[in-house]
Amino acid sequence: MPIERLSADANGAQVAAALVRDGCAIVERLVPRAVLDRARDELQPFIDATPFGPDDFAGRRTRRTGGLLARSATCRELVMHPLVLDAVRTALGHATSVQLHLTQLIGIGPNEPGQLIHRDQWAFDFFPFPSGYEVQCNTIWAMTDFTEANGATRVIPGSHRREDRLQFQEGDTEPAEMPAGSVLFYTGALYHGGGANRSTEVRQGLNLTYALSWLRQEENQYLAVSADIARTFPEPLLRLMGYARGAYALGYVGDLRDPLDVLLGRDTHANAFGELERAAERVREPLP
Ligand SMILES: O=C(O)CCC(=O)C(=O)O
Ligand SMILES: [Fe+2]
Numbered sequence: 148m149p150i151e152r153l154s155a156d157a158n159g160a161q162v163a164a165a166l167v168r169d170g171c172a173i174v175e176r177l178v179p180r181a182v183l184d185r186a187r188d189e190l191q192p193f194i195d196a197t198p199f200g201p202d203d204f205a206g207r208r209t210r211r212t213g214g215l216l217a218r219s220a221t222c223r224e225l226v227m228h229p230l231v232l233d234a235v236r237t238a239l240g241h242a243t244s245v246q247l248h249l250t251q252l253i254g255i256g257p258n259e260p261g262q263l264i265h266r267d268q269w270a271f272d273f274f275p276f277p278s279g280y281e282v283q284c285n286t287i288w289a290m291t292d293f294t295e296a297n298g299a300t301r302v303i304p305g306s307h308r309r310e311d312r313l314q315f316q317e318g319d320t321e322p323a324e325m326p327a328g329s330v331l332f333y334t335g336a337l338y339h340g341g342g343a344n345r346s347t348e349v350r351q352g353l354n355l356t357y358a359l360s361w362l363r364q365e366e367n368q369y370l371a372v373s374a375d376i377a378r379t380f381p382e383p384l385l386r387l388m389g390y391a392r393g394a395y396a397l398g399y400v401g402d403l404r405d406p407l408d409v410l411l412g413r414d415t416h417a418n419a420f421g422e423l424e425r426a427a428e429r430v431r432e433p434l435p
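Residues in the sequence shown are numbered from 148 upward in steps of one, following this note's numbering.
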């Protein structure tokens, strides 16, 4: 089954519809490649200081550079890209709220073999989420062109509906080939993996992922970004990072205070009633 390809004028509902049907979709040339070049320039000192992965899954010829919100203004913009947020919120609209899950520049070096084909939601201790109940919506932005030869992400469209813990070979997968500036969307249940790099260049992708806000984040945003740096960020980004209550009460501070108020030193206390009413409405909604 081919990977659905949408153009940069697609809307979030179209991306989300492809994700429900296939578990993955590419939006081609969503931003000019110069935007990704700028992100690389901002991150270059951190990339140079990043060690190779410690095991086969992380990739012994692959560098994974994280903490991108603290390190790159361009990454802060990409995390908040309006089409991405619209697609993520629609695709995960069965939950009250979503949050950032991780930020990682993945540079797959020459001669890296293909990564184990996996589901990203296995990170949640292999909890068997019900089929159709997606807990993650992920993106990989092509920072370099993604080609079959240089290790484009391998995906199995439609595999988000298959049984859990399956094993696949490269021949079962399709390469998400795309020019720099494009973005691959895939859900937490989609089987995929980094491709083998049979070229002489490093394949660079920006993995920015989102998850339901009742799950633990894979990258700890509260420590990856110091509070002093976080205070300079716009409030919608801070909420997405986790400075907000997940669902009704998850993550409150002290006397039911909102984490954003605490971070910003605002002397306010939670007005829980609006959220309580929303929660009550959700209880009355039929199950999906
Ligand atoms: O780098 C890629 O193309 C995908 C990597 C991946 O799926 C992962 O590390 O979970
Ligand atoms: Fe993955």
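Built from N, CA and C at the ideal position, the CB exists for glycine as well.
For clarity, every value in this text was computed on a predicted model and none was experimentally measured.
Can you tell me whether residue i is buried or exposed, with buried defined as 16 or more other CB within 10 angstroms of its CB?
i	result
T347	exposed
N285	buried
I376	exposed
A370	Strictly speaking, residue 370 in this sequence is Leu, with Ala absent from that position. L370 is exposed by the Cβ-count criterion.
E151	buried
T415	exposed
E301	Residue identity check: residue 301 is Arg in the sequence provided, not Glu. R301 comes out buried.
G240	exposed
L230	buried
N297	buried
D267	buried
A157	buried
P435	For P435, the predicted model reports a pLDDT of 43, less than 50, meaning its position is unreliable; a value from the coordinates is still stated below. Under this definition P435 is an exposed residue.
E259	buried
F148	In the sequence as displayed, the identity of residue 148 is Met instead of Phe. So M148 counts as exposed.
F204	exposed
A160	exposed
N344	buried
A165	buried
R386	buried
E317	exposed
A163	buried
Check whether the Cβ of residue i lies closer than 8 Å to any Cβ atom in chain B.
i	result
E175	The chain labelled as chain B is not found in the depicted structure, where only one protein chain is given.
Please determine, among the options, the residue with the shortest C-alpha to C-alpha distance to residue i.
i	options	result
R210	E175, P179, F332 and L252	L252
E321	D169, A163 and D156	D169
H307	M290, W269 and G341	W269
A234	I264, V174, P260 and N258	V174
L353	L166, R185 and V167	R185
V226	N297, V178 and R378	V178
A374	N258, L183, P406 and A296	P406
S278	D311, P260 and F293	D311
E295	F271, G328 and G340	G340
T379	S329, F199, L359 and L410	L410
S219	R187, H248 and A242	R187
V167	H228, T237 and L232	T237
M325	G159, D202, R180 and A160	R180
D195	Y399, G256, T356 and L313	G256
Between residue i and residue j, how many whole angstroms is the CB-CB distance? I'm expecting something under 8 Å.
i	j	result
V282	F276	6 Å
C171	F332	6 Å
G393	S244	6 Å
M290	Q191	Wrong, their Cβ atoms sit about 12 Å apart, outside the cutoff.
For this session: Could you name each continuous alpha helix (DSSP H) segment of 4 residues or more that falls completely within the stretch 352-422, going from the start of the chain to the end?
Result: 368-371, 374-377, 382-388 and 406-410
Problem set entry | Continuous beta strand (DSSP E) assignments of at least 3 residues falling wholly in the stretch 245-328 | 245-255 and 283-289
For this session: Specify which residues have a beta carbon nearer than 7 Å to any heavy atom of ligand 2, listing them in chain order.
Result: H265, D267, H339 and G340
Problem set entry | Length at least 4, wholly inside the stretch 193-228: the alpha helix (DSSP H) runs in chain order | 215-218 and 220-226
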